[in-house]
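**Student:** My numbering applies: residue 3 is where the sequence shown begins, and numbers increase by one.
Built from N, CA and C at the ideal position, the CB exists for glycine as well.
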Amino acid sequence: MLRLEDVETFIGPYHILHGVSLTLEPGSSLVVLGRNGVGKTTTLRTIMGLWPCGRGRIEFKGRTISGLATEQIAHLGIGYVPENMGIFSSLSVEENMLLAARSLRRSALADSSRLSRIFAAMPALKKFWKTPAGSLSGGQKQMVAVARALIEPRDLLVIDEPTKGLAPAIVESMAQILREIQAEGTALLLVEQNLAFAALLSQRVAVMEGGRVVHQGSMTNLISEQALQDSLLGLAL
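1) Would you please state the rounded distance, in angstroms, between the beta carbons of A123 and M176? I believe it to be under 8 Å.
2) Would you identify the three-state DSSP class for L111, choosing helix, strand or coil?
3) DSSP has E10 in a bridge; who is on the other side?
4) Name the DSSP beta bridge partners of A189, please?
5) Have a look at V207 and T165 and give me their C-alpha separation to the nearest angstrom.
6) To the nearest angstrom, report how far apart L111 and Q228 are at their CA atoms.
7) Are at least three pairs of beta-carbons, each pair with one atom in the region 184-197 and one in the region 30-45, less than 8 Å apart?
8) Can you name the start and end residues of the beta strand (DSSP E) that I80 belongs to?
9) Take every Cβ of the region 9-24, pair it with every Cβ of the region 73-80, and state whether three or more of those distances are shorter than 8 Å.
10) Taking the beta strand (DSSP E) that E73 falls in, what are its first and last residues?
11) Counting only runs of 3+ residues fully inside the region 196-228, write out the beta strand (DSSP E) ranges in chain order.
12) For the alpha helix (DSSP H) that contains V33, what are its first and last residues?
13) Three Cβ pairs or more, each shorter than 8 Å: is that satisfied between the region 5-13 and the region 169-186?
14) Taking T48 as part of the alpha helix (DSSP H), name the residues at either end of that continuous run.
15) Let me check one thing: in DSSP terms, what residues is R65 bridge-paired to?
16) Using CA coordinates, which residue listed in D157, M145, A126 and E186 is at the minimum distance from E163?
Below you can see the structure in the form of structure tokens.
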């Protein structure tokens, strides 16, 4: 479904990604780990066209998307949750959701079962449905950012640290709804620091260092081998 081949990204004079290659099959999941500043967020932003792919190629469902505008990439069936959340503060929670659901004109047209699942996982969204999103707490804003990506079926969800600022109970509920959506055929590409959360969702892991992918393998293998954790991440997980 998604293929990155030797992707390099330049931001001004800085060479951030140095030949990143990743693949993701339909309905599968991959979590990207690594220290801060190694290129994880840059990889996601390059996939979404927010930063240009300087060299290499990105394909989605067999089509080259490197070079397309971000809105064109999103319309192909990719949902994106950025690290900075990117919510519209002056708009209500409902209006933020409607903007993400491009096929809808009012929330009454949304898939009621899908909306019910979102409310069950993140009940604060129902409580603050008509409230300006800018007045919510940081964790509640993060819920809005994730829920926007879930409001319509997507072939791929690209999510940058979805659990940041969330209470443990909400993290568990979010893992459940993402597992259900993956079971329906949606592929997941995650950058996540919460390994327990990532392990619930991802069978595969990629570790980045210095703008490169230095390890790819099974999540089970990484969790079970402390020596591998030490060598790749510099700490035991």
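**Tutor:** On the basis of the coordinates in this document:
1) Position 121 of the sequence shown, counting from 1, holds the residue named residue 123. Position 174 of the sequence shown, counting from 1, holds the residue named residue 176. The beta-carbon separation of A123 and M176, rounded to 6 Å, stays under the 8 Å limit for a contact.
2) Reading the sequence shown from its first residue, position 109 is the one you call residue 111. Residue confidence is low: L111 scores 49 on pLDDT, short of 50, so the model does not pin down where it sits. Its coordinate-derived value is still stated next. In the displayed model, L111 falls within a helix according to three-state DSSP.
3) Numbered from its first residue, the sequence shown carries residue 10 at position 8. H20 and R57, per the DSSP bridge assignment.
4) Taking the sequence shown and counting its residues from 1, one reaches residue 189 at position 187. Partner(s): L158.
5) The count along the sequence shown starts at 1 and reaches residue 207 at position 205. The count along the sequence shown starts at 1 and reaches residue 165 at position 163. Going from the Cα of V207 to the Cα of T165 covers about 17 Å.
6) Sequence index remark: in the sequence shown, residue 111 carries index 109 (1-based). Sequence index remark: in the sequence shown, residue 228 carries index 226 (1-based). With a pLDDT of only 49 at L111, under the threshold of 50, the placement of this residue in the model should not be trusted; the figure read from the coordinates follows. Rounded to whole angstroms, the separation of the alpha carbons of Q228 and L111 is 49 Å.
7) Result yes; three or more Cβ-Cβ pairs closer than 8 Å.
8) The residue labelled residue 80 in the question sits at position 78 within the sequence shown. That run of the beta strand (DSSP E) goes I80 to V83.
9) In this structure the region 9-24 does not touch the region 73-80; the number of beta carbon pairs closer than 8 Å is below three.
10) For the purposes of this step, residue 73 is identified with residue 71 of the sequence shown, where counting begins at 1. First-last for E73: T72 to H77, but that is the alpha helix (DSSP H), not the beta strand (DSSP E).
11) Listed in chain order, the complete beta strand (DSSP E) runs (minimum 3 residues) inside the region 196-228 are 206-211 and 214-220.
12) For this step, residue 33 is matched to residue 31 along the sequence shown. DSSP places V33 outside any alpha helix (DSSP H); the residue lies instead in the beta strand (DSSP E), whose first and last residues are S31 to L35.
13) Flag = no, the region 5-13 and the region 169-186 do not touch.
14) One-based indexing of the sequence shown puts residue 48 at position 46. Here the alpha helix (DSSP H) through T48 covers K42 to I49.
15) Locating residue 65 in the sequence shown gives position 63, counting from the first residue. F62, per the DSSP bridge assignment.
16) Position 161 of the sequence shown holds residue 163. Considering only alpha carbons, the answer is M145.
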